[in-house]
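Chemist: Chains as they are written, first to last, in our numbering: chain A, 1 to 502; chain B, 503 to 1004.
Protein chains: 2
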Amino acid sequence: MFPEKMNPLRARRLGIDTHHEPNIYLRSDSSVCKSEGFNSLTRVLVSTEQNHMIATLNIVTGDLIDEGEIGLSESAWEKLKLIGHESIWLSHPRPVHSLSHVRSKVYGHKLNEEQFSEIINDIVDERYADVYLAAFITACGDDKLDDEEITSLTRAMINAGSTIDWGLDQVLDKHCVGGLPGNRTTPIVVSILTAAGLTIPKTSSRAITSPAGTADTMETLTDVSLTLDQMREVVHSEGGCLAWGGSVRLSPADDLLIQVERALDIDSEGQLIASVLSKKVAAGATHVLIDIPVGPTAKVRDDEAADKLANSFKRVADNLGVTLAIVKTDGTQPVGEGIGPALEARDIVRVLKCDEQAPQDLLNRAVYLAGAMLDLSGKVSPGEGEKLARELVTTGKAWEKFVAICQAQGAFKEPPIAHYRYEMLAEKDGTLATVDNRILAKVAKLAGAPADAAAGVDLHVKVGDQIKRGQPMLTIHAEHIGELNYAVDYLQSHLQILTFGE
Amino acid sequence: MFPEKMNPLRARRLGIDTHHEPNIYLRSDSSVCKSEGFNSLTRVLVSTEQNHMIATLNIVTGDLIDEGEIGLSESAWEKLKLIGHESIWLSHPRPVHSLSHVRSKVYGHKLNEEQFSEIINDIVDERYADVYLAAFITACGDDKLDDEEITSLTRAMINAGSTIDWGLDQVLDKHCVGGLPGNRTTPIVVSILTAAGLTIPKTSSRAITSPAGTADTMETLTDVSLTLDQMREVVHSEGGCLAWGGSVRLSPADDLLIQVERALDIDSEGQLIASVLSKKVAAGATHVLIDIPVGPTAKVRDDEAADKLANSFKRVADNLGVTLAIVKTDGTQPVGEGIGPALEARDIVRVLKCDEQAPQDLLNRAVYLAGAMLDLSGKVSPGEGEKLARELVTTGKAWEKFVAICQAQGAFKEPPIAHYRYEMLAEKDGTLATVDNRILAKVAKLAGAPADAAAGVDLHVKVGDQIKRGQPMLTIHAEHIGELNYAVDYLQSHLQILTFGE
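1. Taking only beta-carbon positions, decide if ILE16/A is within less than 8 Å of chain B.
2. Is there a Cβ from chain A that is less than 8 Å from the Cβ of ILE969/B?
3. Just tell me which of ASP223/A, VAL106/A, SER47/A has its CA closest to the CA of GLU414/A.
4. Hey, is the region 849-865 of chain B in contact with the region 809-822 of chain B, meaning 3+ C-beta pairs nearer than 8 Å?
5. Checking 8 Å against the spacing of the C-beta atoms, do LEU57/A and SER40/A come in under that value?
6. For the region 649-660 of chain B against the region 629-640 of chain B, do three or more pairs of beta-carbon atoms, one drawn from each stretch, fall closer than 8 Å, so that the two count as touching?
7. Considering just the uninterrupted stretch of the beta strand (DSSP E) at LEU592/B, what are its terminal residues?
8. ARG605/B CB to nearest chain A CB: under 8 Å?
9. Counting only runs of 3+ residues fully inside the region 570-614 of chain B, write out the beta strand (DSSP E) ranges in chain order.
10. Name, in chain order, the residues that DSSP records as bridge partners for HIS789/B.
11. Can the beta-carbon of ILE88/A be found closer than 8 Å to that of LEU9/A?
12. For MET1/A, does the three-state DSSP call read helix, strand or coil?
13. Quick check: is the beta carbon of ILE266/A nearer than 8 Å to any beta carbon in chain B?
14. Who are the neighbours of VAL106/A on chain B, taking C-beta pairs under 7 Å?
15. Could you work out which residues of chain B lie near ASN121/A, taking near to mean beta carbons separated by less than 9 Å?
16. Kindly say whether GLN496/A, judged by its beta-carbon, lies nearer than 8 Å to any beta-carbon of chain B.
17. Check the C-beta distance from GLU981/B over to ASP954/B and give it rounded, since I have them as a contact under 8 Å.
18. Mapping DSSP to helix, strand and coil, what is CYS856/B?
19. For GLY984/B, decide whether its Cβ has a neighbour in chain A, counting only Cβ atoms nearer than 8 Å.
20. Tell me, please, which residues DSSP counts as bridged to GLN968/B.
21. Pick out whichever of THR194/A, SER204/A, ALA160/A has its Cα sitting closest to the Cα of VAL177/A.
22. Near GLY643/B, what residues of its chain come up, given a Cβ to Cβ distance below 7 Å and the 5 sequence neighbours on each side ignored?
23. Am I right that ARG206/A and ALA215/A are in contact with their C-beta atoms under 8 Å? What's the rounded C-beta distance?
24. On a Cα-Cα basis, can you pick out the residue from LEU228/A, HIS236/A, ASN319/A, CYS33/A that is closest to ALA283/A?
25. Using a Cβ-Cβ distance under 8 Å, would ARG10/A count as near chain B?
26. Name, please, each residue of chain B whose Cβ falls closer than 7 Å to the Cβ of ILE59/A.
27. Just how far apart, CA to CA, sit GLN773/B and ASP645/B?
28. Expressed to the nearest angstrom, what Euclidean distance is found between the alpha-carbon atoms of HIS92/A and GLY950/B?
29. Sorted by chain position, which residues of the same chain lie with C-beta nearer than 7 Å to ASP436/A's C-beta, five sequence neighbours on each side aside?
30. Using a Cβ cut-off of 9 Å, pull out every chain B residue sitting near ASP130/A, in sequence order please.
31. How many Å lie between ARG545/B and PRO597/B at the Cα?
32. Can you tell me whether SER693/B is buried or exposed? The criterion is at least 16 other CB atoms within 10 Å of its CB, across all chains shown.
33. Considering just the uninterrupted stretch of the beta strand (DSSP E) at CYS241/A, what are its terminal residues?
34. If the criterion is Cβ atoms closer than 8 Å, does the pair GLY842/B and LEU682/B meet it?
35. Is LYS944/B buried or exposed, if buried means 16 or more other CB atoms sit within 10 Å of its CB?
36. Tell me, please, whether the region 364-383 of chain A touches the region 322-329 of chain A by the rule of three or more beta-carbon pairs shorter than 8 Å.
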C-alpha cells in the first residue's frame, strides 16, 4: 500500500518463459515478503519508475536470487521494458472487483454493458490470472449469453483497444467460422477483391483450436506483424492487406482470451460472435461476410445449429450497425490438400498461380465466397460476382495482387518444408465415404501445427474417390521426431479418420 | 513416446515454490525440447526410475540451467521424491480424454458416473492444469448438476481416495455450510458428544473461501495432520478426533479442487454437496448433521435457498445410504467474537472452560447442534439432547474431553497472537442494526487469515446492542504491517460493514 516506504528491489532477468502470464520470483526471506505478507501465487502490483503491471509471485528458497533482487520471467521483463538492475517496488493490487460479475454469470445472471466493460478492461490490464480467464470463458460457454449480452461484450471488447477509421463508405471483411481443416480461402478472396478494386484490410487471428489460422499461414509467406501505420500504407497502395490483428491491438482482450480458450478447447457462441465482430468493427469494416461450414465433424454440425448461429450473428451485427451476409458451405470434408500453416500456404500459391496441382475445391470455394462479397458490395449486378471472381483468378490478376500485397508487407517468401514424414497407405480397395475433420485436425496439431509452421497433414483423397489398395491417403509432416511419433500413434488408434463405403 | 531412447537429464532443485502445480524448467536449446517439440506451458510426463508425474514446462533462455540439467519446482521435487542429480526422462503424456466430459458439461449435457470417475481420477493423478480445474469448477457452478450427477460425482470422489471402516453401527459427523464468520462450533460439539460416549471421528477441511476452516483453527491448538493409524488410535481412546481430512487422502480430489475454488471464490451446490458427503462417507460416517446458517449476507441467503439445498442434500444422502438431519440456524451475524484461526480457537477454549469472557452465542449454538446430534443418535429421548449437551459443558466434562483429544493428537498448545492491531471505534451513539458477513470475512482475509493463523478480526458488538460513541466495535489483527494497512483501507471504504438503526 505504501510502496514509497519500501526499499526498492533490483531487477534481474531470469530468462524463464512463462508465456503471456508475467511471473516474478522473490526470496522467501526477503523483507517485502514478510512486511506485505506475500505468498506463492499472490498477485502482486510490480512498479518501476515508468511502468507497472500485475504479476504472479513465486517464492524462491535457496540461492537462485540474491538478497535485494527480484527475478522476472521473460513476459514480465518485456512488459516493464527493463534493461537490467532497475529499481522495482511491489505492493498489493486493488481487489479485482469485476470478478464478482464473472461469479454472477456463473450463477446464471444476465450481465450489462458496464459489467462486461469492467471485466474486459481488467483482462486487458492483465489483472486476470489464467484461472480467472478460464472461469470467464467457461461461464460464457455454449450459448449462455443472449444477443444483448453478446452485443455488450462486443462493444466492451472494441472499446478496450484501438479502432481504425479508413474514411471510406465501404470497407469489406470476411470470417470463416472454423472447424474445417484446410479451407484457407481468405488470402485468395482478398487477392480477388483487391484485384476488383474493392477495399479489404484483412486482419486475422492465429489458430484458436485449429491446426492453423490465416495469420499463421500468411506468416509463412510474408510478414504479418504490421503496425497500424504499416497497415494503412499497404491498404492505401494495394486496397487490402493480410495482417495479424494482434499486433495492432484491435480488440486486445480477444488475444488474451484466445490463449486460454486454446488450452481449454471450449468454444462459446457468445465469445465467438464477440471475438469476430469486435475485430471487424475495430478494424473499420462496414460490410462483412460470415462463412459457416456445416458438417457432422465441422464446428457447426447441422443446418439448425448454423441457422441459430447465423441469426444471432445478424442480430448482434444489426445492433452494431454492420451490414452482414451469411453463407453456409459444405463442411463434410477438408477444403484443399494441406492442413497446417505452410502446407495451406503452398495450396494458396498453387490456386492463385493456376498450377495444375492446385486443389480445385479450394479454388471453387474461394471463388464462391469472393463472388458473394462482390454481390454484397454492389460492385456487380446481383448474382454476377462469382463469374467476375473466377476471371480475376484465371487471368492471373489475383496472383499479381497477392504478390504485390506480400511485397508491400515486407517480402514474398517460400513457406518452410518439414523434415519428417509419414505416409498412410490404403489397406484395401474401396470408395472413400467419410473424413473425420476433428481427428484430422488433432493429428495435424499433434504433429506440431500451428507452432511448428511446416508441420501438419496432406490429405490426398476426397469423399467419393475410388481408392486402390496401397494408394497414399494422407501424409503427416513434422519438424521433430517426437511429435511425428506422437501423431502417428494417435492416427493408428483412430483409423475411423477415413471410412470406406460401397 | 520413446523415453528409453532419450539421454536422461540431471535433476536440479531450483527452490521455486509454485504451490501445488509442479513446474519444470528446461533450456530452450536442449535436445529434448527440439526432438519432442516441447514449448512453454506444455504439459509433460516426467519420469524417474521410481516415480512419474505430469508437470508444466517453462522454457529457460540464458544460464539459469546447465546443459543436460532439468530444473524442478518445490512441488515437482517433492512429488518425485528426489534427493539430487537423479536421472529424469521426459515424454508426452497421453491426451487427457476426460476433458471432453468437462466440455460436454459446459455445453449443458448430463454426465454419468463413469464420466465423473474419469474426470476425478485424472484430477487425482494431477493431469489437470489449474485452468482445467477452473473450467470444471465453473461448469459445475451454481446448480448445474442434478441430484443424480451430484451422487455420481460424490461416489467418484469417494472411490478416488482412501475410505475408513470403523467397524461400528453408528459413527457421527457434522458439517456447517459456511458463509458465517466465526461460528466455530465443531470442536465444542465433538467434545460434548465424546463426553456423552458417542463416536465422532471428525475430519475437517481447511478454509475454502472463508477466513478460517475448522482444520485451520484446530491447528493453532494441536497437531491436525494425523495419519490414518494415528486417527484410529485417538478415536479408539477418546471416541473422537479433530483432524485435517487432507492428510489421510479421504477424497483427495476435493483438496485439489478446493485450491482453485478458493482462488475463484465460486461456490456450487453440486460441488458443495459432493465435497461434504464424499469426506463424510470416506471417513466412515453413518449419521450426519448438516447445519445451514441462513441470513442476507451468509452463504445461504434465505429460507427458500436453504430448503432447496437441504432437499438436494437429503436426496443425495439417501442415494448413498447415509442418515441425515438438517438444521437451519440464524445466519444474520457472526457467532462468537473472533474471526480467523487463532481468534476462533481462543473463543472455543473460553466456552469450554466456562470462562466469564466466553461468547454466549457460540455456547448456545454449539449446545443446540450437539443436542440435535444426541437426538439423531437415539442416545436420549427425542428433544432431550440439548439439556444433556449443556450439562456436559457446565460440568467441565466437555473441556476435559477436549484437552484429552488434543493431547492424544500430540499436545495441547496456546494459539498464537498477532503483533499488529487496529481498533475501529463507534463514531456516534446508536443501536447496531446489521452486520455484513461478507465484508467482515473479506477484512479478516485481507488481514492475512487463514494463512497467517493469528490474523483476523474480533467483532465486539452484536445486532441490537446499544452502542456509545467511542466504543470499540471491532479489532483487526495482522502479522504483517502491509496486510494490516490493506485490511484497514478496505474497511474504511466499506463502512456499511456495520449499520445503525433506531
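Glycine included, C-beta positions come from ideal geometry on N, C-alpha and C.
Modeler: A quick look at the data gives this:
1. With respect to chain B, the C-beta atom of ILE16/A has a partner C-beta closer than 8 Å.
2. No, ILE969/B lies away from the interface with chain A (no Cβ there is under 8 Å from its Cβ).
3. Of ASP223/A, VAL106/A, SER47/A, the residue nearest in Cα terms is ASP223/A.
4. No: fewer than three Cβ pairs fall under 8 Å.
5. Yes, Cβ-Cβ distance for LEU57/A and SER40/A is below 8 Å.
6. Judged by Cβ distances under 8 Å, the region 649-660 of chain B makes no contact with the region 629-640 of chain B, as fewer than three pairs qualify.
7. Element bounds for LEU592/B: 589-593.
8. With 8 Å as the cut-off, ARG605/B counts as an interface residue toward chain A.
9. Inside the region 570-614 of chain B, DSSP marks whole beta strand (DSSP E) runs of 3 or more residues at positions 571-574, 589-593, from first to last along the chain.
10. According to the DSSP secondary-structure assignment, HIS789/B is paired through a beta bridge with LEU674/B, THR825/B.
11. Closer than 8 Å, so yes.
12. Here MET1/A scores only 38 on pLDDT, less than 50, and its place in the model should not be relied on; the value that follows carries that caveat. In the three-state reduction of the DSSP assignment, MET1/A falls in the coil class, being assigned neither a helical nor a strand state.
13. Chain B contact via Cβ: present.
14. What VAL106/A touches in chain B, judged by beta-carbon distance under 7 Å, is THR640, GLY643, ASP644, ILE768, going in chain order.
15. Within 9 Å of the CB of ASN121/A, no CB atom of chain B is found; the nearest one sits about 20 Å away.
16. Taking 8 Å as the CB threshold, GLN496/A stays off the interface with chain B.
17. Contact flag correct, Cβ pair sits at about 4 Å.
18. In the structure shown, CYS856/B sits in coil (DSSP, three-state: anything other than H, G, I, E or B).
19. Interface residue, yes.
20. BP columns for GLN968/B point to THR933/B.
21. Among THR194/A, SER204/A, ALA160/A, the Cα nearest to that of VAL177/A belongs to SER204/A.
22. Around GLY643/B: ILE768, SER770.
23. Confirmed, Cβ separation roughly 5 Å.
24. When LEU228/A, HIS236/A, ASN319/A, CYS33/A are compared, the shortest CA-CA separation from ALA283/A is found for LEU228/A.
25. Not a single C-beta of chain B is nearer than 8 Å to the C-beta of ARG10/A.
26. Within 7 Å Cβ-Cβ: ASP519.
27. Roughly 9 Å separates the two Cα atoms.
28. Approximately 12 Å between the Cα atoms of the pair.
29. Excluding residues within five positions, the ones whose Cβ falls inside 7 Å are THR297, GLN496, ILE497.
30. Going along chain B in sequence order, the residues near ASP130/A (Cβ under 9 Å) are ALA631, ASP632, VAL633, ALA636.
31. Cα to Cα, ARG545/B sits roughly 10 Å from PRO597/B.
32. That one is buried.
33. 240-244 is the span of the beta strand (DSSP E), which, as asked, contains CYS241/A.
34. Cβ atoms of GLY842/B and LEU682/B: not closer than 8 Å.
35. LYS944/B should be labelled buried.
36. Short answer: they touch.
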